[in-house]
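Under the working numbering, the first residue of the sequence shown carries the number 3, and numbering increases by one thereafter.
Think of the CB as a built atom: it goes at the ideal place given N, C-alpha and C, for glycine as much as any other residue.
Nothing here was measured: the structure is a model prediction, and the numbers come from that model.
The structure appears right after this line, and notes come after that.
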Amino acid sequence: TFGSARQANHPFTPLFQPADFAGLDYSALQLVRTPEALVERLDNGACQGCHQAGSTAGFHFIGLDDRTTSPLNRIEVGISPHLHAEIPRRVAWLRATTEGKEPNRFRPLSFAPAGGWKDAGEVSYVPAEMAMPCLMPEDAARFGQTWQ
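This is the structure we're talking about:
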């Protein structure tokens, strides 16, 4: 199963109900637009929520796969899709910092597609491809346009 489907990867969901955050003003926020989105953002910001959101459930161990390793548990690439998508954001942040500029501090959801981070601060995402995690339209509507 996808890691995002596992309740263990949503540590804040059992602790908070959306009603707990119903009185907050979300109008000035870039990403979170509803109480449900706030709980999801909290879940996605947790270690397991972030690392498992775009993966299959379970863990892989770094090292050589031997003949006893199941073909379903082999490492195909050395970095996660999240890290692949995160590297351009980190490069842009580092470039702005070294140039004495204010870096873009926005951090997308861990399962967002890779993006091109511009000097002016805007982000243009590449289209999601087959088998990439995404939000269903009713869930996406809880977030601002920057969720992708």
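**Item:** Whole-Å CB distance - Ala116 paired with Pro90, under 8 Å assumed
**Value:** Between Ala116 and Pro90 the beta-carbon gap is near 7 Å, inside 8 Å, which marks them as a contact.
**Request:** Tell me where the alpha helix (DSSP H) around Val41 begins and ends.
**Result:** For Val41, the enclosing alpha helix (DSSP H) has its first and last residue at Pro37 to Gly47.
**Prompt:** When the Cβ atoms of the region 40-54 are set against those of the region 5-18, are three or more pairs found closer than 8 Å?
**Reply:** These segments touch.
**Item:** Proximity to Phe113 [Cα-Cα], best of Gly102, Asp68, Leu17 and Val128
**Value:** Of the listed residues, the one whose Cα sits closest to Phe113 is Val128.
**Message:** Taking only three categories from DSSP, how would you classify Phe23?
**Reply:** Helix.
**Request:** In angstroms with no decimal places, state the Cα-to-Cα distance between Arg107 and Pro37.
**Result:** One C-alpha to the other measures close to 22 Å.
**Message:** Buried or exposed for Leu12, going by 16 or more other Cβ atoms inside 10 Å?
**Reply:** Reading the sequence as shown, one finds His at residue 12 and not Leu. Flag for His12 reads buried.
**Asked** Residues in its own chain within less than 8 Å of Ala21 by CB, not counting five upstream and five downstream?
**Response** If we look at Ala21 and ignore the five residues flanking it on each side, its Cβ neighbours are Pro37.
**Message:** If contacts are defined as beta-carbon pairs under 8 Å, then Phe145 and Ala24 qualify, I think. What distance do you get, rounded to the angstrom?
**Reply:** That pair is no contact at about 17 Å.
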